[in-house]
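Chains as they are written, first to last, in the working numbering: chain A, 530 to 784; chain B, 5 to 271. Beta carbons: idealized from backbone N, C-alpha and C, even for Gly. Presented below is the structure to which this report refers.
Rendered as structure tokens:
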């Protein structure tokens, strides 16, 4: 017979008690921080890769294609292990821990975030490129005719417009990112999922603990959906286009 | 880089010569759209270019500010070769920065307006003066206000382009180009995308402008040509086959092809 252990469930769900456990506290913080940092770096890499893909210089295009090909064509789990364990044994880079005052960023965390970011960059590259290509070529011509260089026209005219096209898929990417950080457990980076596997190893309550872990992730993704629909609505209002689908629609629409 | 005949020397061009195109050739793939086109436009002249669609008139305009590369020949604006420099008898494409600097002095108005939709009318106009000319925002704003008053759209300064009619957008586009204080204005079919009732307001602004600035206008608005043009060029199959005054052209076109074309557009 299985008895649902309410005491364990509430202890790890209810924040004041759950966050007394450093594994949960640090895991939660790391999941959020890693998502934000990896997504931000991923967007940056994506913009660079997208511009490289559209470059006039063939070697640059080739490099960008290679990047997207590899990182979209192999599992993130493999990329992360390769980066952390693989690079470690070659002594190319061993991911030493960084200490900032009381905060220590372990090598595993660095490697995990880096792998997430590089992987995300490959997906963002396609999203950014599609966003840029959605902008009327007349915009670039108008910018050039006013004396702007390609770079300035991109920065001032094209990318701000492409950003609006990119926001909805970017929001979905971030939603995925928060869940995908759980893969960092494979290199013991200590995020939320890893925290619950460690606690489970001690007290063995997989049903209660992973249910609690699910609720944490669900909380994060739901809060994000709310923020995302706000952002999209405000973008839409300014341009006078119709409102983005509401949050309930978004939650249950399956994307 | 392009191959070329003997270059026209810069010294031949006096200060009243705004545009000088010399034996310009341009192909898209196997289709040659400009065939040995030569053209001179002097300061304050207003030149209207007409011709059947696909005749090369828009391409010629776009070569003048190097939105299109040319295969051979030379184009000078204000005595400087556009888009290329010469070394050892060969032409090489200019650096991007230099091309941008050259374009800053040449205003262009497009058929589809191409206003920046994420910027207000005011921001559209001051964008290049502030970020290309590095003028102060205050100065750019006061200049922009004058230009907007001139095109009759001062009260629309804080609107976004999609809140304006086509005619209003095109007038903003003209103001935006003028804000750079260009020495030459190029108009690429500026009224072709407009509803008929809006054509007049744009042409009125252009007529006003024609008194004080050098203009090359690709347009089939014969009323405008008659009222404002000093010369009309008729281009067909990549060649300028007629270059004359509006009166002369309408009264007595030299070429049969011109006659046939005019009878079509004048109904």
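Whole runs of the alpha helix (DSSP H) within the region 690-752 of chain A, excluding any shorter than 4 residues: 721-732
CA-CA distance, residue 546(A) and residue 731(A)? Position 17 of the first chain, counted from the start, is the residue given in the question as residue 546(A). Position 202 of the first chain, counted from the start, is the residue given in the question as residue 731(A). When rounded, the distance between both Cα atoms is 17 Å.
Assign residue 63(B) to one of two classes, buried (16 or more other C-beta atoms within 10 Å of its C-beta) or exposed (fewer than that). In the second chain, the residue the question calls residue 63(B) occupies position 59. Residue 63(B) is buried by the Cβ-count criterion.
Rounded to whole angstroms, what's the CA-CA distance from residue 186(B) to residue 216(B)? Just pull it up for me. Counting from one through the second chain, the residue named residue 186(B) turns up at place 182. Counting from one through the second chain, the residue named residue 216(B) turns up at place 212. Answer to the nearest angstrom: the Cα atoms are 11 Å apart.
I need the boundaries of the alpha helix (DSSP H) containing residue 268(B), first residue and last residue. By 1-based counting over the second chain, the position of residue 268(B) is 264. Here the alpha helix (DSSP H) through residue 268(B) covers 260-269.
With the cut-off set at 9 Å, would you say residue 188(B) and residue 23(B) are in Cβ contact? Position 184 of the second chain holds residue 188(B). Position 19 of the second chain holds residue 23(B). Cβ atoms of residue 188(B) and residue 23(B): closer than 9 Å.
Of all the residues that make up the region 645-672 of chain A, which are near chain B by a beta-carbon distance shorter than 7 Å? 667, 668, 670 and 671
Residue 85(B) - DSSP class collapsed to helix/strand/coil: Against the second chain, residue 85(B) aligns to sequence position 81. Strand at residue 85(B).
Closest Cβ-Cβ distance between residue 69(B) and chain A: below 9 Å? Taking the second chain and counting its residues from 1, the one referred to as residue 69(B) is at position 65. So, interface residue.
Quick check for students: name the residue ranges of the alpha helix (DSSP H) that lie wholly in the region 79-167 of chain B, counting only runs of 4 or more. 100-108, 125-135 and 141-154
Nearest-angstrom Cα separation, counted from residue 190(B) out to residue 85(B): Reading the second chain from its first residue, position 81 is the one you call residue 85(B). Reading the second chain from its first residue, position 186 is the one you call residue 190(B). If you take the alpha carbons of residue 85(B) and residue 190(B), they lie about 17 Å apart.
Quick one: is residue 674(A) near chain B, going by C-beta distance under 9 Å? The sequence position of residue 674(A) within the first chain is 145, counting from 1. Yes - at least one Cβ of chain B is within 9 Å of the one on residue 674(A).
Beta carbon proximity, residue 586(A) to chain B, threshold 9 Å: Locating residue 586(A) in the first chain gives position 57, counting from the first residue. Not an interface residue.
Who are the Cβ neighbours of residue 44(B) in its own chain at under 8 Å, not counting the five residues just before and after it? On the second chain, position 40 is the one that residue 44(B) refers to. Taken in chain order, the residues that qualify are 21, 23, 24 and 25.
Spell out the partners DSSP gives residue 664(A) in its beta bridges. Taking the first residue of the first chain as 1, we reach residue 664(A) at position 135. Bridge partners of residue 664(A): none, in fact.
Are residue 165(B) and residue 119(B) closer than 9 Å when you measure CB to CB? Counted from its first residue, the second chain places residue 165(B) at position 161. Counted from its first residue, the second chain places residue 119(B) at position 115. Yes; because the gap between Cβ atoms is below 9 Å, this pair is in contact.
Run down chain A in chain order and give the residues with a C-beta less than 7 Å from the C-beta of residue 184(B). Position 180 of the second chain, counting from 1, holds the residue named residue 184(B). Simply 675 and 676.
Any chain B beta carbon closer than 9 Å to residue 686(A): Reading the first chain from its first residue, position 157 is the one you call residue 686(A). So yes, residue 686(A) belongs to the interface.
Count the C-beta pairs between the region 675-690 of chain A and the region 648-655 of chain A that are closer than 8 Å, then say yes if the count reaches three, no if not. no
Return the first residue and the last residue of the alpha helix (DSSP H) that residue 562(A) is part of. Walking along the first chain from the start, residue 562(A) turns up at place 33. Where residue 562(A) is concerned, the enclosing alpha helix (DSSP H) stretches over 551-582.
Mind checking whether residue 174(B) and residue 200(B) have CB atoms under 9 Å apart? For this step, residue 174(B) is matched to residue 170 along the second chain. For this step, residue 200(B) is matched to residue 196 along the second chain. Not closer than 9 Å, so no.
Give, in chain order, every residue of the region 722-747 of chain A whose Cβ lies closer than 9 Å to some Cβ of chain B. none
Can you give the beta carbon distance from residue 734(A) to residue 534(A), rounded, assuming they're within the 8 Å contact cut? For the purposes of this step, residue 734(A) is taken as the residue at position 205 of the first chain. For the purposes of this step, residue 534(A) is taken as the residue at position 5 of the first chain. Correct: roughly 6 Å between the Cβ atoms.
Per DSSP, which residues does residue 237(B) bridge with? Please list them. Within the second chain, residue 237(B) is the residue found at index 233, counting from 1. Partner(s): 53(B) and 247(B).
So what's residue 601(A) in DSSP terms, helix, strand or just coil? As a first step, residue 601(A) must be located in the first chain, where it is residue number 72. Three-state result, residue 601(A): helix.
Between residue 593(A) and the rest of its own chain, which residues show a CB-CB distance below 6 Å, the 5 nearest in sequence each way excluded? As a first step, residue 593(A) must be located in the first chain, where it is residue number 64. So the qualifying residues of the chain are 578, 581 and 582.
Just how far apart, CA to CA, sit residue 222(B) and residue 40(B)? Within the second chain, the letter at position 218 stands for residue 222(B). Within the second chain, the letter at position 36 stands for residue 40(B). Cα to Cα, residue 222(B) sits roughly 19 Å from residue 40(B).
For residue 595(A), count neighbouring C-beta atoms within 10 Å of its own C-beta (all shown protein chains included) and say buried if the count is 16 or more, exposed if not. Numbered from 1 along the first chain, position 66 holds the residue referred to as residue 595(A). By the neighbour-count rule (16 or more Cβ atoms within 10 Å), residue 595(A) is not buried but exposed.
I'd like to know whether the C-beta atoms of residue 210(B) and residue 228(B) end up nearer to each other than 9 Å. Your numbering for residue 210(B) matches position 206 in the second chain. Your numbering for residue 228(B) matches position 224 in the second chain. Result yes, Cβ atoms of residue 210(B) and residue 228(B) sit closer than 9 Å.
Does the Cβ of residue 150(B) have 16 or more other Cβ atoms within 10 Å, making it buried, or fewer, making it exposed? Here residue 150(B) refers to the residue found at position 146 when the second chain is read from its first residue. By the neighbour-count rule (16 or more Cβ atoms within 10 Å), residue 150(B) is not buried but exposed.
In this structure, does DSSP put residue 633(A) in helix, strand or coil? Counting from 1 along the first chain, the entry for residue 633(A) is found at position 104. Strand.
Check whether residue 677(A) and residue 132(B) have beta carbons under 9 Å apart: Working through the first chain from its first residue, we reach residue 677(A) at position 148. Working through the second chain from its first residue, we reach residue 132(B) at position 128. Yes, the pair counts as a contact, with Cβ atoms nearer than the cut-off.
Residue 758(A) versus 576(A), 701(A) and 713(A), residue with shortest Cα-Cα distance: Working through the first chain from its first residue, we reach residue 758(A) at position 229. The option with the nearest alpha carbon to residue 758(A) is 701(A).
What are the boundary residues of the beta strand (DSSP E) that residue 218(B) is part of? Within the second chain, the letter at position 214 stands for residue 218(B). Residue 218(B) -> beta strand (DSSP E) spans 218-222.
With 9 Å as the threshold, decide whether the Cβ of residue 545(A) is near any Cβ in chain B. Counting from 1 along the first chain, the entry for residue 545(A) is found at position 16. No - not a single Cβ of chain B is within 9 Å of the one on residue 545(A).
CA-to-CA distance, residue 206(B) to residue 690(A), given in whole angstroms: Mapped onto the first chain, residue 690(A) falls at position 161. Mapped onto the second chain, residue 206(B) falls at position 202. If I take the Cα positions, the gap works out to 27 Å.
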